[in-house]
Amino acid sequence: MAGDRYFRIPDPVSRMARLDEGLRDITVRVMHLDPPKQFTNGTRRERKSDGGWRYALTNWKKFMKAAGIKVRDRVHYSFDENDQVLSVDLVVPYVRRSH
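With this note's numbering as the guide, the letters of the sequence shown map in order to residues 1 to 99.
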């Protein structure tokens, strides 16, 4: 999810949030911080090279800094479809493998 140019929303979340029907704000809860933070972030879409769309958060740099997420970190999340809330539950730092 965490890239160097965007914070891409996972496909299952974008489907549950029905972003294909129209872009909307998503509430993000950052649960791995003490105390947890919550904020609302807009969404944007970009065309995939093989067709279709992918969705990302706007203001992604601000979000990643506030959440303590670095490029290539693995993010564990859950999504509450009823409340339209994306919860970041755990962030696992990227570790470069030695060859």
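Here a beta-carbon is modelled for each residue, glycine too, at the ideal position from N, C-alpha and C.
query	result
Determine the closest residue to residue 37 out of 13, 63, 56 and 47, with distance taken between C-alpha atoms.	63
Please state the DSSP three-state secondary structure of residue 70.	coil
Pull up the distance between the alpha-carbon of residue 48 and that of residue 55, whole angstroms please.	10 Å
Counting only the same chain and skipping the five closest in sequence on each side, list residues whose C-beta sits under 8 Å from that of residue 83.	27
Less than 8 Å between the CB atoms is what I'm expecting for residue 31 and residue 79, so what's the real figure, rounded?	At roughly 12 Å, the Cβ-Cβ gap does not stay under 8 Å, so residue 31 and residue 79 are not in contact.
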